[in-house]
Amino acid sequence: MLQVKSATQTWQVEMEKNQILLNGTPFTWDLLPLNATSFHILKDGKSYTAELLEQDPAAPKTLRIKINGNVHTLQVQDRMDLLLESLGMGEALVQKINDIKAPMPGLILDIKVQPGQEVKKGDPVLILEAMKMENIIKSPGDGVVSAVKVNVKQNVEKNQVLIVF
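Heads up, the sequence shown is in the working numbering, so the first residue is 68 and it goes up one at a time.
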């Protein structure tokens, strides 16, 4: 079972014996692929052209589609998403970061970010020298830098807060 939400509507979509049920009612339609992202659909004697515009990697399970020239954003949730949401854990799979701590004692060689800067998961935020090796410290998730708690050429201890989000 899937739940599909637009800005104005919500649908329950189920597959049952090679048939699609939309809100419990059989959904009969003819579908003709035009290319990898476009389709021609016939439903109840009406013709529709549908195109997948974007599947946002930053927001998994979010799609932008265009149907007959109108753009719609859809959020798709499966049973597990709905269960997590009902338990108050809907955002549990999204990794939120509060700060970055030093993984080991060392010397700050370079700071790649500044307060107010937006970073994505994997972006380098600073360079820490430890045991004569340069270690690139990367952001463990997406966020906006709130404060940089260290300076270049500063010695730091293990677990010392370096950057706050």
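Even for Gly, the Cβ is constructed at its ideal location relative to N, Cα and C.
What are the boundary residues of the beta strand (DSSP E) that residue i is part of?
i      : result
Leu150 : From DSSP, Leu150 is part of no beta strand (DSSP E) but of the alpha helix (DSSP H) over 146 to 153.
Pro100 : 97 to 100
Pro170 : No beta strand (DSSP E) holds Pro170; DSSP gives it neither H nor E.
Ala117 : 113 to 122
Thr104 : Run containing Thr104: none; DSSP gives neither H nor E here.
Thr75  : Premise fails: Thr75 is in no beta strand (DSSP E) and is neither H nor E.
Between the alpha carbons of residue i and residue j, how many angstroms are there, rounded?
i      : j      : result
Ala159 : Leu195 : Caution is warranted here: a pLDDT of 49 is assigned to Ala159, below 50, making its placement in the model unreliable, and the coordinate value is therefore given only provisionally. Distance between the alpha carbons of Ala159 and Leu195: 30 Å.
Gln122 : Thr140 : 10 Å
Lys199 : Lys220 : 14 Å
Lys225 : Ile87  : 55 Å
Pro28  : Lys128 : Lying outside 68 to 232, the shown extent of the chain, residue 28 is not represented and no answer is given.
Ile164 : Phe232 : 7 Å
Glu118 : Glu83  : 25 Å
Leu109 : Asp145 : 26 Å
Val71  : Trp78  : 5 Å
Met147 : Val217 : 41 Å
Gln142 : Val80  : 13 Å
Asn202 : Leu229 : 14 Å
Val138 : Trp96  : 21 Å
Lys74  : Leu130 : In the sequence under discussion, the amino acid at residue 74 is Ala, which differs from the Lys named in the question. About 12 Å.
Gly91  : Asp166 : 46 Å
Leu98  : Gly189 : 40 Å
For my contact list, residue i and residue j are in at a C-beta cut-off of 8 Å; report their separation, rounded to the angstrom.
i      : j      : result
Lys205 : Pro191 : 6 Å
Pro100 : Phe106 : 6 Å
Val215 : Val180 : 7 Å
Ile134 : Leu120 : With a Cβ gap of about 11 Å, Ile134 and Leu120 do not count as contacting.
Stretch pair the segment 175 to 188 + the segment 210 to 227: three plus CB contacts closer than 8 Å | Remark: three or more beta-carbon pairs, one from each stretch, lie closer than 8 Å, so the segment 175 to 188 and the segment 210 to 227 are flagged as touching.
Using 8 Å as the Cβ pair cut-off and three pairs as the minimum, do the segment 144 to 152 and the segment 165 to 178 touch?
-> Touching, no.
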